[in-house]
Amino acid sequence: MFDVDGTLVDSNYLHVHAWRRAFHEAGRAVDSWRVHRAIGMGSGKLLDTLLGEADAEKIGSAVKDRHSALYRDQAELLRAFDRAPDLIRTLAGRGVRVVLATSAGPDEIDLLRRILDVDDVIWGIVAGHDVEATKPDPEPVHAAIERAGTDPGHTLFVGDSVWDVESANRAGLHTVGLLSGGVSAAELREAGAVAIYADPASLLAGLDDSPLGALLPPS
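Residue numbers (this note's numbering): 129 to 347.
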């Protein structure tokens, strides 16, 4: 099970910029570092965290729509991390059911799917609009487990944020953390990640010796 933003696609800092501009245009001064630390949450939780529930209820919908528009305007800068599609294809080719679990909305997930170009080998996708509660709530992970038809003891989550780790922990899964989203190894470990890799390429290079290796049949 893989998160997408910051894990497979280099998009986190585009989100930070888009949110930062959307807040600025709404007359709200929100520090970029605070935005970055909230990336990985669903947009509703992000807005509540950064604006407070009362202000989020008042202007959150407009800010969210503006973020989406600004993010789409930067779409040409989106790119899959080095070897990310190869990692997914390698796992699928060795009999692993790969599900993408993301808080992204419909427009965003369409962009990410085109960039990754792995729809032909993944088992399914659970996006923000498929669940009522987003990360760090465990519902997206539960939905992805159901989509894969596996049990938690034979499932791992790969993500880049503490919210990914927390969501997986609450669903009974172990998480492999990647540094590609800009969160430190110390924070990911403290949240409960069982292993840390720099990015998808380094995870692929050490795949057989990684926690994911236990899921793989002999090559």
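For glycine and all other residues, C-beta sits at the position ideal for the given N, C-alpha and C.
Next item on the list: Please name the residue in L179, L335, I187 and D201 whose C-alpha comes closest to that of L142.
Entry: In the sequence shown, the residue the question calls residue 142 occupies position 14. L142 has its Cα closest to that of D201, out of L179, L335, I187 and D201.
Checklist line | Residue range of the alpha helix (DSSP H) that includes I273 | finding: Within the sequence shown, the letter at position 145 stands for residue 273. Taken as a continuous stretch (DSSP letters only), the alpha helix (DSSP H) holding I273 covers E267 to A276.
Margin query: Give me, in chain order, the residues of the same chain whose beta-carbon lies closer than 7 Å to that of R155; leave out the 5 immediate sequence neighbours on both sides.
Written below: Counting from one through the sequence shown, the residue named residue 155 turns up at place 27. Note that residue 155 is Gly in the sequence shown here, rather than Arg. Answer for G155: no residue qualifies.
Next item on the list: Could you spell out where the alpha helix (DSSP H) holding F151 opens and where it closes?
Entry: One-based indexing of the sequence shown puts residue 151 at position 23. Segment N140 to E153, the alpha helix (DSSP H) holding F151.
Margin query: For A203, which residues in the same chain have their Cβ closer than 6 Å to its Cβ, ignoring the five residues on either side in sequence?
Written below: Here residue 203 is taken as the residue at index 75 of the sequence shown, counted from 1. L239.
Checklist line | Rounded C-alpha distance that separates D131 from H282 | finding: Counted from its first residue, the sequence shown places residue 131 at position 3. Counted from its first residue, the sequence shown places residue 282 at position 154. Distance between the alpha carbons of D131 and H282: 17 Å.
Checklist line | CB of L307 within 8 Å of CB of F285, strictly | finding: Within the sequence shown, the letter at position 179 stands for residue 307. Within the sequence shown, the letter at position 157 stands for residue 285. Their beta carbons are not under 8 Å apart, which means L307 does not touch F285 by this criterion.
Check: Which residue from E181, I216, H164 and Y199 puts its Cα closest to that of L344?
Finding: The residue given as residue 344 occupies position 216 in the sequence shown. The residue with the shortest Cα to Cα distance from L344 is I216.
Next item on the list: Hey, could you find the ends of the beta strand (DSSP E) A232 is sitting in?
Entry: If you number the sequence shown from 1, residue 232 lands on position 104. Premise fails: A232 is in no beta strand (DSSP E) and is neither H nor E.
Item checked: Terminal residues of the beta strand (DSSP E) in which L284 lies -> One-based indexing of the sequence shown puts residue 284 at position 156. Taken as a continuous stretch (DSSP letters only), the beta strand (DSSP E) holding L284 covers L284 to G287.
Next item on the list: Flag this pair as yes or no: are the beta carbons of A329 and R211 separated by less than 8 Å?
Entry: As a working note, residue 329 is residue 201 in the sequence shown. As a working note, residue 211 is residue 83 in the sequence shown. Contact: yes.
Item checked: N-terminal and C-terminal residue of the alpha helix (DSSP H) that L306 is part of -> By 1-based counting over the sequence shown, the position of residue 306 is 178. Unbroken run through L306 is the beta strand (DSSP E), H302 to L306; no alpha helix (DSSP H).
Margin query: Let me confirm a value: D120 is counted as buried when at least 16 other C-beta atoms fall within 10 Å, else exposed. Which label applies?
Written below: As displayed, the chain neither begins before 129 nor continues past 347, which places residue 120 out of reach and without an answer.
Next item on the list: Count the other C-beta atoms from every protein chain shown that fall within 10 angstroms of the C-beta of D356, then say buried if there are 16 or more, exposed otherwise.
Entry: In the structure as shown, the chain starts at 129 and stops at 347, and residue 356 therefore has no counterpart that could be examined.
Note to self: Using CA atoms only, rank isn't needed, just tell me which of V290, N297, V322 and E294 is closest to V311.
What the structure shows: Position 183 of the sequence shown, counting from 1, holds the residue named residue 311. If we check each option's Cα against that of V311, V290 comes out closest.
Item checked: Cβ contact check for the region 291-298 and the region 260-268: 3 or more pairs under 8 Å -> Because the criterion of three Cβ pairs below 8 Å is met, the region 291-298 and the region 260-268 touch.
Checklist line | Buried versus exposed, by CB contacts within 10 Å (16 or more), P234 | finding: The residue given as residue 234 occupies position 106 in the sequence shown. When all chains shown are included, P234 counts as exposed.
Note to self: Check for me: the alpha helix (DSSP H) holding I187 runs from which residue to which?
What the structure shows: Counted from its first residue, the sequence shown places residue 187 at position 59. It spans E181 to D201 - the alpha helix (DSSP H) in which I187 sits, taken as one unbroken run.
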